[in-house]
Every structure is written in C-alpha cells, then in structure tokens.
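Engineer: Residue numbers (this note's numbering): 6 to 129. Even glycine gets a Cβ: it sits at the ideal position worked out from N, Cα and C. Since the model is a prediction, treat every value here as computed from it, not as a measurement. First the structure, which I've put down as structure tokens, then a few questions once you've had a look.
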C-alpha cells in the first residue's frame with residue numbers, strides 16, 4: 006500500500022463529521038497512528054506503520070512539505086497530511102515530491118494525492 010493510502014486509512018473518517026473544527030488536534034485524535042514520534046532531532050506528528058507524517062493546515066503547506074522532504078533525505082518513508090478549506094491546486098505539485106493526504110473541512114472530503122493522481126472520499 007502506498008504511504009498516502011496508509012495515512013488515509015488510519016483516519017477514522019466517520020469521526021471527522023463530529024469534529025467541531027477540523028484541525029490538527031482533531032485529526033490526531035481520530036488517527037490510529039502513533040503520535041509525536043522522534044526522527045533524529047525532529048518530531049513527526051504521526052507514525053502510521055513505517056510512514057512518518059507531518060500534519061499541517063493548507064496555509065502552511067510549504068512548511069510541512071519542507072519538513073517531510075528533510076525526513077525523506079534521512080531515508081525514512083514519509084507523507085504529508087494537510088487540512089483546510091477551498092482550492093488546493095498546489096497539493097498536486099507537492100504530490101510530485103511526497104505522498105499527500107488532504108482533508109477539505111468545507112466540502113467534507115478526504116483525498117489521497119500520489120504522483121499527480123488523486124482519489125477522494127466524502128465524509129459529509
């Protein structure tokens with residue numbers, strides 16, 4: 006299974022409907038992954054199997070992407086989980102470098118972006 010699928014399948018999708026606000030704490034709470042895992046001097050928000058995951062709001066995409074690329078340079082498998090509202094065209098570009106999972110808080114869907122292709126599931 007690709008890293009984005011591993012991450013997406015670790016989120017209890019039905020629970021997203023119950024979040025007052027879809028944010029990092031809600032996503033972490035609904036994840037079945039390990040939380041706050043060390044990678045060398047850094048910390049990953051989640052570790053799903055062998056995949057280290059950074060969770061960031063859409064407006065901090067560049068920051069999260071940089072973090073995940075750094076971890077990848079250490080030889081670990083990585084993915085980026087982004088949440089937010091509205092247009093997320095830049096996620097397709099980011100997915101050329103790392104697997105990306107996007108949770109759209111407004112339209113109520115979760116998508117996996119892997120090498121330019123996306124697959125989405127509604128939770129609304």
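So, for residue 20: in the same chain, excluding its five sequence neighbours on each side, which residues have a beta-carbon less than 6 Å away from its beta-carbon?
Structural biologist: Only 35 meet the Cβ criterion.
Engineer: Enumerated in chain order, which unbroken segments of the alpha helix (DSSP H) with a length of 4 residues or greater are wholly contained in the region 32-105?
Structural biologist: DSSP runs (the alpha helix (DSSP H)) wholly in the region 32-105: 66-78 and 95-99.
Engineer: Apply the 10 Å Cβ neighbour rule to residue 98 and answer buried if 16 or more other Cβ atoms are within range, or exposed otherwise.
Structural biologist: Residue 98 comes out exposed.
Engineer: Should residue 89 go down as buried or exposed, given a rule of 16 or more other Cβ atoms within 10 Å for buried?
Structural biologist: The residue in question, residue 89, is buried, as its Cβ has 16 or more Cβ neighbours within 10 Å.
Engineer: Give the secondary structure of residue 9 by DSSP, where H, G and I count as helix, E and B as strand, and everything else as coil.
Structural biologist: It is helical.
Engineer: Using the Cβ count rule (16 or more neighbours within 10 Å means buried), how would you classify residue 52?
Structural biologist: By the 10 Å Cβ count, residue 52 comes out buried.
Engineer: Flag this pair as yes or no: are the beta carbons of residue 60 and residue 27 separated by less than 7 Å?
Structural biologist: Going by C-beta atoms, residue 60 is not nearer than 7 Å to residue 27.
Engineer: Residue 94: buried (16+ other C-beta within 10 angstroms of its C-beta) or exposed?
Structural biologist: Label assigned to residue 94: exposed.
Engineer: Using the rule of at least 16 other Cβ atoms within 10 Å of the residue's Cβ for burial, across every protein chain shown, is residue 2 buried or exposed?
Structural biologist: Examination of residue 2 is not possible in this model, given that the chain is present from 6 through 129 alone.
Engineer: Taking DSSP as the reference, what is the three-state secondary structure of residue 15?
Structural biologist: Reduced to three states, the DSSP call for residue 15 is coil.
Engineer: I believe residue 118 touches residue 96 by the beta-carbon criterion, under 8 Å. Please report the beta-carbon distance rounded to the nearest angstrom.
Structural biologist: Going by Cβ atoms, the distance from residue 118 to residue 96 rounds to 5 Å, so yes, they are a contact pair.
Engineer: Using only the alpha-carbon positions, how far apart do residue 76 and residue 44 sit?
Structural biologist: One C-alpha to the other measures close to 7 Å.
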